[in-house]
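Sequential numbering from 14 applies to the sequence shown in the numbering used here.
The beta carbon of each residue, even a glycine, is placed where N, CA and C say it ideally should be.
Read the structure below first, then the notes.
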Amino acid sequence: MKSFLLFIVLLISAEIFSERPVNFTGFVRSGQVFLTWTEVTNGQKYIIYRKTTPIVQSDLIAANKVLEVIQGSAGNKALAEESGALAVGSYGIHNNYNLLQPPCSLVTNIINPLNSDSIGMSNPVPFGTGMLVLTTHAAGIYYYAVTAVAGGVEDNSVDGGNSIGPIDESIMDPAPVLIWQGTSSMGTVGSKDHRIYLMYMDIEQSNISCLNMYAWPYIVIVPGNYGSTSNRMDMVVRFFGYPGWASAHSGSGNGISVHVHEMGFWGFGYSKTYQYDSSEVMWYGSSSPVPNSGPVVNYVEGRTMDFLKWMITVEPYYGNRIDTNRIWATGESMGGSATILWLTNYPHFFAYGRATVPPTNFLETDWHWLTNCEGKWGARNDSTMKVAFTGWKSEWLTGNFAGMTVHAFLNKEQMLFSMEGVDLPWFCFCSGGQDPSVTYPNEGRMFYNNLDSSRHGFNGTVVGNGGHGCSITHPQLETIRKNNSFPAFSKVSGNAVLPPPEVPAAINYTYNNHLIWSTPYYRVGGYQNQVDQLNRYEIAVASLAGDNTADITPRRLQNFTAIPGERYYAYNTAVNDTTNIYQYDTLTADAYGLITFKGFQIRSGDQSSGGSRLIIVPESPVTPKEAARMKDKKDDIVSISPNPFNPVTRILFKKQGRKSAVEIYNVRGVLVETLLSCAMYQDKDVFAWDAHNFPSGIYIARTVVDNRVLSKRITLLK
């Protein structure tokens with residue numbers, strides 16, 4: 014009798030909660046399939062299945078399951094925040110989009126794009142409609158079904174209302190959806206200089222538990238005369254302070270502005286596997302559980318780079334106008350940290366960047382936002398948490414840094430030494446000496462010092478009595494192009510002390526703000542050009558604050574070929590009279606192919622007069638064929654990953670044709686280990702160094718290839 018009653022109860026429960034989605038539809042656009050359905054009244058979640066043949070009830074098994082999504086899956090927290098419909102903790106209501114002309118009040122995702130000739134909003138997905146956007150990984154014919162879970166029970170029946178197909182899918186780069194067009198609150202009514210796009214991430218390769226978000230808005234702003242002109246222009250990628258709301262009102266200046274919406278991830282990303290609290294709006298972090306499974310993937314960078322790829326290579330409205338040698342980044346506070354991250358993570362993409370009060374070491378120091386960062390990326394000393402990379406132009410990151418510990422990779426102060434042989438963009442940044450948020454001196458201070466020591470190009474200021482805010486520029490900052498060389502100045506006599514004081518006085522500590530150099534777009538001493546030829550390099554430099562001395566290292570050479578171990582003649586002459594020689598030296602290119610003229614006398618000058626001219630020529634000129642061969646060797650001979658490392662790293666050198674060995678030296682030049690090749694990878698010898706018995710520090714890996722001594726700095730972090 015009890016069994017019979019239990020059966021009746023279960024039967025009644027099944028009848029009560031047995032609900033099935035209807036109006037299931039799907040279509041393909043730009044390598045993504047857009048699925049929608051009418052949600053059930055008591056739905057808790059929905060399960061989507063995929064198969065290459067029509068789906069019947071017996072196919073509703075785990076092997077065919079794609080994803081589960083929540084009730085209200087068309088909702089978009091980022092849009093709701095920007096439209097003022099969703100409060101964000103102590104930050105309250107943000108009413109950014111509603112101040113646009115016309116207002117944008119979108120709170121759910123958009124599937125069908127707005128016509129580019131129209132003004133206003135596209136039609137949002139209505140409430141009560143569930144949705145999912147999937148990115149195609151393998152071309153073919155697919156069938157889909159969606160079921161609902163209500164009262165903890167899945168209704169696993171299938172009919173024409175909750176199954177669709179066939180859908181013919183192909184692999185393409187996804188394109189964003191135009192969801193709004195108009196102008197800012199300060200613009201002219203009827204103008205179309207502001208656009209908002211929605212970019213759908215590859216949800217199967219992401220982590221939907223993180224905020225239940227995979228559709229992210231981007232604001233693109235163009236000059237008011239954009240439609241009546243045709244010139245190429247610069248493009249700036251703008252990042253914003255915590256929690257990362259993208260301002261819709263910052264002007265684009267004379268170029269294109271791309272505003273990145275964030276929700277507290279410091280411009281980087283989050284764990285791929287950790288189950289976050291998906292109900293969160295954003296993380297403050299002080300009470301959030303600490304992730305303990307990875308890898309941590311640069312999802313913010315990846316989705317944004319995919320959006321930029323579309324702008325540059327697919328959409329002619331932007332691609333025909335963007336000068337790819339004039340792409341730069343900027344941001345303040347958390348946006349400043351994103352700027353620093355992006356310049357170091359995508360050095361071949363950006364010309365320069367400007368950051369105000371940026372964090373420069375996220376997990377390996379004590380600072381105000383440490384627990385916030387741990388709530389996203391894992392404990393500060395958790396060496397099991399590794400990094401991985403995705404998105405456009407991530408191959409370089411993957412090849413050099415995949416598998417590094419998160420805390421080491423996000424210590425951008427120390428990473429500068431690992432990237433000494435990489436031509437990074439020009440850094441322009443400032444810090445507040447009394448900053449309580451981006452806590453000085455734990456943040457920023459050593460970034461100045463390490464940029465100088467690793468011979469990268471930068472200028473900056475520590476405002477001794479400054480708080481969480483500062484301003485910074487450089488006389489020629491906006492003229493810097495990716496395809497022009499620049500001099501990296503270090504050990505400059507006219508700079509403030511390095512590192513800056515831990516307890517600064519109420520003065521400005523400035524670095525390289527007074528030094529200028531010639532380009533085809535900026536005149537120094539009456540000379541507006543550079544000589545960057547295969548066997549000759551010339552550039553004019555000047556100090557705006559009296560005579561200085563400095564070490565000068567040419568960076569981003571376009572044609573001049575510096576071969577490691579080769580000798581070069583270097584001259585310091587008058588800018589407009591190269592027979593008037595101030596200094597002469599013979600220099601040797603180091604293992605990175607860098608040439609540094611130490612103690613170079615930079616004469617006082619300005620754009621019209623004065624200054625000094627640096628001239629470098631090889632002792633043994635090379636032919637174009639030799640230069641190409643040496644460039645290939647420079648690119649391919651040395652690979653060390655991870656670097657920094659703990660405790661094992663892998664070292665690759667080009668196959669030497671004999672018994673291979675790599676010698677490891679400490680910074681005092683003492684040989685501490687000799688490694689023998691343990692494997693072959695393509696045309697390279699592979700060496701593994703287990704340094705668990707060695708102290709943290711900088712070491713040099715050295716070998717001989719083609720009768721040349723090659724070495725590279727590696728960093729052991731414990």
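- Assigned with DSSP and collapsed to three states, Ile184 falls in coil, not helix or strand.
- Note on geometry: alpha-carbon atoms of Ser633 and Asp545 lie some 17 Å from one another.
- The Cβ neighbour count for Leu429, taken over all protein chains shown within 10 Å, is at least 16; the residue is labelled buried.
- Per the coordinates, the alpha-carbon of Ala368 lies some 37 Å from the alpha-carbon of Thr599.
- With fewer than 16 other Cβ atoms from the protein chains shown falling within 10 Å of its own Cβ, Phe140 counts as exposed.
- Sequence-distant partners of His705 (beyond 5 residues in either direction) whose C-beta falls short of 7 Å from its own C-beta, in its chain, are Pro660.
- Inter-residue distance for Trp390 and Phe707 is about 27 Å (C-alpha atoms, whole angstroms).
- With a threshold of 16 other beta carbon atoms within 10 Å, Asp215 meets it and is buried.
- A Cβ-Cβ separation of about 39 Å leaves Val419 out of contact with Val554 under the 8 Å criterion.
- In the three-state reduction of the DSSP assignment, Gly477 falls in the coil class.
- Around the beta carbon of Asp319, a 10 Å sphere encloses 16 or more other beta carbons of the protein chains shown; the residue is thus reported as buried.
- Sixteen is the threshold: since fewer than 16 other Cβ atoms of the shown chains lie within 10 Å of the Cβ of Arg580, the residue is exposed.
- By the C-beta density criterion, Gln70 is exposed, having fewer than 16 other C-beta atoms within 10 angstroms.
- C-alpha of Ser450 to C-alpha of Gly254: approximately 11 Å in a straight line.
- Within a 10 Å sphere around the beta-carbon of Thr160 sit 16 or more other beta-carbons, which makes this residue buried.
- In this structure Ile711 touches Thr728 by the C-beta definition: roughly 6 Å separates them, less than 8 Å.
- Each residue's CA atom was taken as its position, placing Tyr289 and Gly578 some 51 Å apart.
- Pairwise C-beta distances place the segment 32 to 50 in contact with the segment 160 to 175, as three or more of them are shorter than 8 Å.
- Scanning its chain for C-beta atoms nearer than 8 Å, with the 5 sequence neighbours on each side dropped, one finds around Pro533 the residues Asn497, Gln541, Asn542, Gln543, in chain order.
- Secondary-structure assignment with DSSP links Cys443 through a beta bridge to Thr369, Thr474.
- In terms of Cβ geometry, Glu32 and Ile60 do not form a close pair [threshold 7 Å].
- Within the model, the alpha-carbon separation for Asn338 versus Tyr550 is close to 21 Å.
- When C-alpha distances from Gly477 are compared across Thr562, Ser467, Met248, Cys443, the shortest belongs to Cys443.
- Beta-bridge analysis with DSSP links Trp50 to Gly143.
- The beta-carbon separation of Val233 and Arg208, rounded to 5 Å, stays under the 8 Å limit for a contact.
- Around the C-beta of Asn238, fewer than 16 other C-beta atoms lie within 10 Å, and the residue is accordingly described as exposed.
- Non-local C-beta neighbours of Asn267 in its own chain, meaning closer than 7 Å and more than five positions away in sequence, comprise Pro236, Met246, ordered along the chain.
- Under the DSSP assignment, Asn463 falls in the alpha helix (DSSP H) whose first and last residues are 458 to 466.
- When only Cα atoms are considered, Arg42 and Phe573 end up about 46 Å apart.
- Collapsing the DSSP output to three states places Ile68 in coil.
- Taking the Cα positions, Ala509 is about 38 Å away from Ile335.
- Of the other Cβ atoms in all chains shown, 16 or more fall within 10 Å of the Cβ of Val400; this residue is therefore buried.
- A straight-line Cα-Cα distance of about 14 Å links Gly315 and Met324.
- By the neighbour-count criterion, in which a residue is buried when 16 or more other Cβ atoms sit within 10 angstroms of its Cβ, Glu345 is buried.
- For Asn338, the secondary structure class from DSSP, reduced to helix, strand or coil, is strand.
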